[in-house]
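Input: a single structure, listed below in structure tokens.
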Amino acid sequence: MSIWEYANPVKFMRVSGAALPWIAAAAAISLPAGLVWGWMTPEDYKQGSTVKIMFLHVPAAMMAINIWVMMLAASLIWLIRRHHVSALAARAAAPIGAVMTLVALVTGAVWGQPMWGTWWEWDPRLTSFLILFLFYLGYMALWGAIENPDSAADLTGVLCLVGSVFALLSRYAVNFWNQGLHQGASLSIAPGERMSAVYKYPLYLCMLGFFLLFLTLLLVRTRTEIRRRRTAALLAREVRA
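Basically the numbering used here = 1-based index in the sequence shown + 32.
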């Protein structure tokens with residue numbers, strides 16, 4: 033059995049329809065549990081209660097970057113193999129990624145104000161995140177501006193390739209530049225940079241919850257895009273008849 037079988041819309045609809053309730057239920061359990069657990073953690077000795085913003089900020093930032101990477105992979109599949117489900121999945125993911133990026137920017141500003149004394153700083157990671165958000169908006173606008181869906185998928189695929197530079201910068205900016213207020217990665221395998229288990233495990237659960245929420249919304253939106261494309265095809269066939 034090949035993975036490309038799931039590029040068939042009929043099979044994708046059947047498999048995703050069976051998996052969707054289970055994924056949605058897992059998201060509905062893990063995300064609230066992670067957030068409540070994070071809220072109940074003790075105050076940090078330096079950051080106080082503001083450290084609890086991490087349980088929203090870090091998973092949202094992680095998903096903002098990874099959703100764009102997922103869109104890049106789906107766009108490449110479309111450009112190379114011309115599978116319509118992959119193009120529709122990339123389109124479906126964009127609004128979710130834009131919201132995640134906005135959540136990361138807002139929570140980062142709320143977290144940064146008491147820590148840095150300012151709501152915004154032209155820090156490399158913050159700036160690249162803002163540009164990534166603008167790319168999300170541009171991606172969605174380009175899909176909406178082009179009437180032919182195949183042409184729209186082609187052009188948005190190219191835009192996704194360009195925007196991937198800023199997705200990578202958002203992830204690794206602090207490694208490229210020493211200047212900037214933003215701290216390093218919250219989770220790291222480097223010696224001496226391990227987070228306390230008090231914060232680490234609820235953060236892991238929040239990250240899982242955000243991922244499952246994204247997967248739920250992605251499946252719902254992709255299924256909607258497939259139905260919308262079918263409806264448009266049927267209407268066009270009736271007009272030609």
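Yeah, the Cβ is synthetic: ideal placement off N, Cα and C, and Gly gets one too. Only a predicted model underlies this, so the values are computations on that prediction, with no experimental measurement involved.
Residue of the options minimising C-alpha distance to residue i
{"i": "Phe-242", "options": "His-116, Val-131, Asn-40", "result": "Val-131"}
{"i": "Arg-113", "options": "Ala-96, Asn-40, Asp-155", "result": "Asn-40"}
{"i": "Tyr-236", "options": "Met-86, Ala-136, Arg-269", "result": "Met-86"}
{"i": "Ala-173", "options": "Pro-127, Ser-196, Leu-134", "result": "Pro-127"}
{"i": "Ala-59", "options": "Leu-250, Glu-257, Ile-258, Ala-268", "result": "Leu-250"}
{"i": "Asn-98", "options": "Phe-198, Thr-188, Pro-156, Glu-179", "result": "Phe-198"}
{"i": "Val-47", "options": "Ala-92, Arg-255, Ala-57, Ala-265", "result": "Arg-255"}
{"i": "Trp-54", "options": "Thr-248, Val-90, Ser-196", "result": "Thr-248"}
{"i": "Gly-129", "options": "Leu-169, Thr-159, Pro-156, Gly-149", "result": "Leu-169"}
{"i": "Ala-96", "options": "Arg-157, Val-190, Asp-182, Ser-183", "result": "Arg-157"}
Cβ-based neighbour list, residue i, same chain, cut-off 6 Å, excluding 5 preceding and 5 following
{"i": "Ala-119", "result": "Trp-110, Ala-185"}
{"i": "Val-271", "result": "none"}
{"i": "Phe-266", "result": "A quick correction: the sequence has Leu, not Phe, at residue 266. Contacts found: none."}
{"i": "Asn-180", "result": "none"}
{"i": "Thr-188", "result": "Tyr-171, Leu-174, Trp-175"}
{"i": "His-115", "result": "Ala-39, Ile-109"}
{"i": "Ala-56", "result": "Thr-248"}
{"i": "Ala-264", "result": "none"}
Same chain, Cβ closer than 8 Å to residue i, neighbours up to 5 away in sequence not counted
{"i": "Met-94", "result": "Met-239, Phe-242"}
{"i": "Leu-162", "result": "Leu-137"}
{"i": "Ser-196", "result": "Trp-100, Val-101, Leu-104"}
{"i": "Trp-71", "result": "Lys-84, Phe-87"}
7 Å Cβ shell around residue i - same chain, five flanking residues per side excluded
{"i": "Ser-62", "result": "Leu-237, Leu-240, Gly-241, Leu-244"}
{"i": "Gln-145", "result": "Trp-151"}
{"i": "Gln-79", "result": "Met-147"}
{"i": "Ala-92", "result": "Met-132, Val-135, Ala-136, Thr-139, Phe-242"}
{"i": "His-89", "result": "Ala-136, Thr-139, Gly-140, Trp-143"}
{"i": "Leu-73", "result": "The sequence as given places Thr at residue 73; Leu does not occur at that position. Only Lys-84, Val-230, Tyr-231, Pro-234 meet the Cβ criterion."}
{"i": "Ser-81", "result": "Glu-75"}
{"i": "Val-260", "result": "Checking the sequence shown, residue 260 turns out to be Arg, not Val. Excluding positions up to five away in sequence, the list is empty."}
Terminal residues of the alpha helix (DSSP H) in which residue i lies
{"i": "Lys-232", "result": "229-272"}
{"i": "Trp-143", "result": "116-148"}
{"i": "Ser-107", "result": "86-113"}
{"i": "Met-72", "result": "Unbroken run through Met-72: none, as it is neither H nor E."}
{"i": "Ala-173", "result": "156-177"}
Between the CA atoms of residue j and residue i - distance to the nearest angstrom
{"i": "Phe-246", "j": "Ala-122", "result": "13 Å"}
{"i": "Ile-258", "j": "Leu-200", "result": "30 Å"}
{"i": "Ala-268", "j": "Cys-192", "result": "29 Å"}
{"i": "Ala-50", "j": "Met-102", "result": "22 Å"}
{"i": "Phe-165", "j": "Arg-262", "result": "30 Å"}
{"i": "Ser-228", "j": "Asp-76", "result": "10 Å"}
{"i": "Leu-52", "j": "Val-252", "result": "8 Å"}
{"i": "Asp-182", "j": "Ala-125", "result": "17 Å"}
{"i": "Pro-223", "j": "Val-194", "result": "Reliability fails at Pro-223, whose pLDDT of 49 lies under 50, so the model's placement of it is uncertain and no value is given."}
{"i": "Val-42", "j": "Thr-159", "result": "42 Å"}
{"i": "Phe-167", "j": "Ile-178", "result": "17 Å"}
Cβ-heavy atom distance, residue i to the ligand GTP, below 6 Å
{"i": "Ala-185", "result": "This structure lacks the ligand GTP, and indeed carries no ligand of any kind."}
Open item on the list: Does the segment 139-148 come into contact with the segment 58-66, if we say contact requires no fewer than three beta-carbon pairs (one atom in each stretch) closer than 8 Å?
Closed with: no
Open item on the list: Below 8 Å, how does it come out for the segment 226-235 and the segment 92-107: are there three or more Cβ pairs, yes or no?
Closed with: no
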